[in-house]
Amino acid sequence: MLTVASEIDVLARFGRALADPIRCRLLLALREAPAYPSDLAEALGISRTRLSNHLACLRDCGLVVTVPDGRRTRYELADERLGHALDDLRNAVVAVESDRTCVDAENKGCC
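Sequential numbering from 6 applies to the sequence shown in my numbering.
Following this line, the structure appears as structure tokens:
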């Protein structure tokens with residue numbers, strides 16, 4: 006059973022992973038299917054070095070795992086429920102954005 010402190014840590018790690026657009030794109034790509042770093046770098050249009058740094062962050066956050074595949078290493082989501090969580094989070098945010106009650110949200114940047 007998670008304590009409040011560990012629940013906060015889990016959410017903070019998830020938030021750190023989602024705080025960068027490249028990491029978001031990586032998670033969405035891996036939600037679709039496991040992939041090799043070279044394929045991910047090409048799909049995202051970034052260098053292998055930059056990709057490696059982002060994959061390391063996602064590994065440290067516990068969101069992706071490596072799977073040895075011969076001489077290569079494949080990346081995939083650590084748990085298939087993460088893909089569902091990403092979908093649920095995206096859908097919730099879209100629903101909230103379409104139901105803004107603050108009339109000054111765009112001007113004030115508050116909501």
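Here a beta-carbon is modelled for each residue, glycine too, at the ideal position from N, C-alpha and C.
- In summary, V72 is exposed, with fewer than 16 beta-carbon neighbours lying within 10 Å of its beta-carbon over all protein chains present.
- Minimum Cα-Cα distance from L91 among the listed residues T8, R28, S11, V9 corresponds to R28.
- Counting along the chain, the unbroken beta strand (DSSP E) around D74 starts and ends at 69–74.
- Within the DSSP bridge table, the entry for L31 names no partner.
- Sequence-distant partners of L23 (beyond 5 residues in either direction) whose C-beta falls short of 7 Å from its own C-beta, in its chain, are C29.
- Counting the other Cβ atoms within 10 Å of the Cβ of L33 gives fewer than 16, which makes it exposed.
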